[in-house]
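Colleague:
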Amino acid sequence: MPDFEFYKGGKLQDRLEETANEGVNYAVTGFYGVEEVSELTQDQINDLISWYQENCATGYYENDWYVEVSFRTAINDWFEANDPDNGDDAWM
1 MPDFEFYKGG
11 KLQDRLEETA
21 NEGVNYAVTG
31 FYGVEEVSEL
41 TQDQINDLIS
51 WYQENCATGY
61 YENDWYVEVS
71 FRTAINDWFE
81 ANDPDNGDDA
91 WM
């Protein structure tokens, strides 16, 4: 009998991450009343960073790493659009 192999694990991970990103973007844009995360004000992104640091960076979502990664992605996207000189993770 041949050994089991999981050939499409990477595709599954990509779909899970895409779904998490969509959910986070929906939650953030809905809460702040904007169409895109890049439209957040400096105060709003600072608020989101504070929430991230209190809830994601502390390990609260350690078993749901897609949540943590998706919030980090949303924040990084804001910085790419609004402060490109600082680059990704400049806020960390």
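So that you can map any letter, position 51 of the sequence shown is 51 in the working numbering, and since no number is skipped, the others follow by simple counting.
Yeah, the Cβ is synthetic: ideal placement off N, Cα and C, and Gly gets one too.
Out of Asn82, Tyr52, Phe79 and Tyr7, state which residue places its alpha-carbon closest to the alpha-carbon of Asp24.
Modeller: One point to set straight first is that residue 24 is Val, not Asp, in the sequence displayed. When each option's Cα is compared against that of Val24, the closest is Tyr52.
Colleague: Along the chain, where does the alpha helix (DSSP H) containing Ser70 start, and where does it finish?
Modeller: Trp65 to Asn82
Colleague: Which residues bound the alpha helix (DSSP H) around Thr29?
Modeller: In the DSSP assignment, Thr29 falls within the unbroken alpha helix (DSSP H) covering Gly9 to Tyr32.
Colleague: Flag this pair as yes or no: are the beta carbons of Asp77 and Ser38 separated by less than 9 Å?
Modeller: yes
Colleague: Specify, as a first and last residue, the run of the alpha helix (DSSP H) that Leu48 falls within.
Modeller: Gln42 to Asn55
Colleague: Just the C-alpha distance for Asn63 and Asn82, rounded to the nearest angstrom, thanks.
Modeller: 31 Å
Colleague: Quick one: grab the DSSP three-state call for Glu39.
Modeller: Glu39: helix per DSSP, three-state reduction.
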